[in-house]
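> One structure coming up, written as C-alpha cells, with questions to follow.
Here it is as C-alpha cells:
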C-alpha cells in the first residue's frame, strides 16, 4: 500500500458499492476521521449508521434464519453489529484506502486500525441512509452479508459463542464460572496480540493468542470447552 497515493478517489468506492452519491461532500464527511480538525468528520454519521445497521442486520437474519429463536437471533446480531464484524465488511471494500486522516494517524497506521475502520463503515452506511433512506443501504448490506456469511446455514458455525457455552457448561457441572487471565501482550499498539488463559477452580484448562483480547478469550474458551466435553464423555449432540 502506497500511502503517498491515499486517500483514493472516492468515486472508486462508489463503483465498488454500486451507488453514486447525490452529494459527494456527504461521502467525504463519512470518510473523514475526527483527527482531521479542519474538516467535518464522521462521528455523527457513525451514530446514525450504527442504528441503521442494527435494523438492517436484524432484518437480514430474520429473513435468512426462519427457524432461529429470538435469543439466538439477538446473539448472532450482536456478533455482526460489533467492531470486529464491521471491520470484516470494511476490509471487503478496501475502505481504509479511502479515509481522510491526520498525518499523525497516517503515521500510526490509522488505515489499518479496527476502531477507525469500524467507525467509518458505520458512517458510510449512515450517509447512504440519509440519501436513500433504507433502499440502497439495505441492498448493499444484504449483498455484503450474503457474500460473507451465506444464506444463514453458516451462522451456527461462524458465531458459536464459546465463552457463553463454556460458562453454562461449567456452571451446570462444577457450580462455578470460568476465569480469564491476561498472560502477555505482543506487538505494537495498532496490532497488539493478547495471550490469555482460562481457569476453572484455579486449574488452567487452555491458553490462546488473538487480536483483539475478546477473540483470544473465545479461542481459549473453545479449547477448554472441547477439552471438557471430551474428558467428561459428552458428545456435540448433547
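Numbering (our numbering), first residue to last: -9 to 228.
Glycine is no exception: its CB is placed at the ideal position from the N, C-alpha and C atoms.
#1: Measure from the alpha carbon of residue 135 to the alpha carbon of each residue in 165, 67, 202 and 26, then state which is nearest.
#2: Taking all protein chains shown into account, do 16 or more other C-beta atoms lie within 10 angstroms of the C-beta of residue 223, making it buried, or fewer, making it exposed?
#3: Between 104, -2 and 151, which lies nearest to residue 216 when the distance is taken from Cα to Cα?
#4: Could you tell me which of 115, 163 and 160 sits nearest to residue 40, measuring between CA atoms?
#5: In whole angstroms, what is the alpha-carbon distance linking residue 137 and residue 177?
#6: What does DSSP give as the partner residues of residue 176 in its beta bridges?
#7: Taking just the CA atoms, how far does residue 61 sit from residue 160?
#8: Could you give the uninterrupted runs of the alpha helix (DSSP H) lying entirely in the segment 33 to 82, keeping only those of 4 residues or more?
#9: When you compare each of 221, 71, 5 and 19 to residue 117 by their alpha carbons, which one comes out closest?
#10: For the 8 Å Cβ check, are there 3 or more pairs between the segment 187 to 197 and the segment 207 to 221?
#11: Pick out whichever of 186, 38, 0 and 26 has its Cα sitting closest to the Cα of residue 171.
#12: Among 50, 56, 2 and 167, which one has its Cα closest to the Cα of residue 85?
#13: Based on the DSSP output, what are the partners of residue 198 in its beta bridges?
#14: Alpha helix (DSSP H) containing residue 135: first to last residue?
#15: Throw me the rounded Cβ distance for the residue 184 and residue 206 pair, which I believe falls under 8 Å.
#16: With DSSP as the reference, label residue 171 as helix, strand or coil.
#17: On the DSSP bridge assignment, give the partners of residue 22 in chain order.
#18: If you count every other CB in all the chains shown that lies within 10 Å of the CB of residue 32, and 16 or more means buried, which is it?
Well, looking at it:
#1: Cα-wise, what sits closest to residue 135 is 67.
#2: Classification of residue 223: exposed, given that the 10 Å Cβ count is below 16.
#3: The shortest Cα separation from residue 216 among 104, -2 and 151 belongs to 151.
#4: With distances taken between Cα atoms, residue 40 lies closest to 115.
#5: If you take the alpha carbons of residue 137 and residue 177, they lie about 31 Å apart.
#6: Residue 176 is bridged to 183.
#7: Straight-line Cα distance between these residues: approximately 21 Å.
#8: The segment 33 to 82 contains these whole alpha helix (DSSP H) runs: 33 to 54, 60 to 70 and 73 to 82.
#9: The residue with the shortest Cα to Cα distance from residue 117 is 19.
#10: Segments in contact, yes.
#11: Closest by alpha carbon: 186.
#12: Among 50, 56, 2 and 167, the Cα nearest to that of residue 85 belongs to 2.
#13: Under DSSP, residue 198 takes part in a beta bridge, and its partners are 186.
#14: Residue 135 -> alpha helix (DSSP H) spans 125 to 139.
#15: The beta-carbon separation of residue 184 and residue 206, rounded to 5 Å, stays under the 8 Å limit for a contact.
#16: Correct three-state label for residue 171: strand.
#17: DSSP lists 90 as partners of residue 22.
#18: By the neighbour-count rule (16 or more Cβ atoms within 10 Å), residue 32 is buried.
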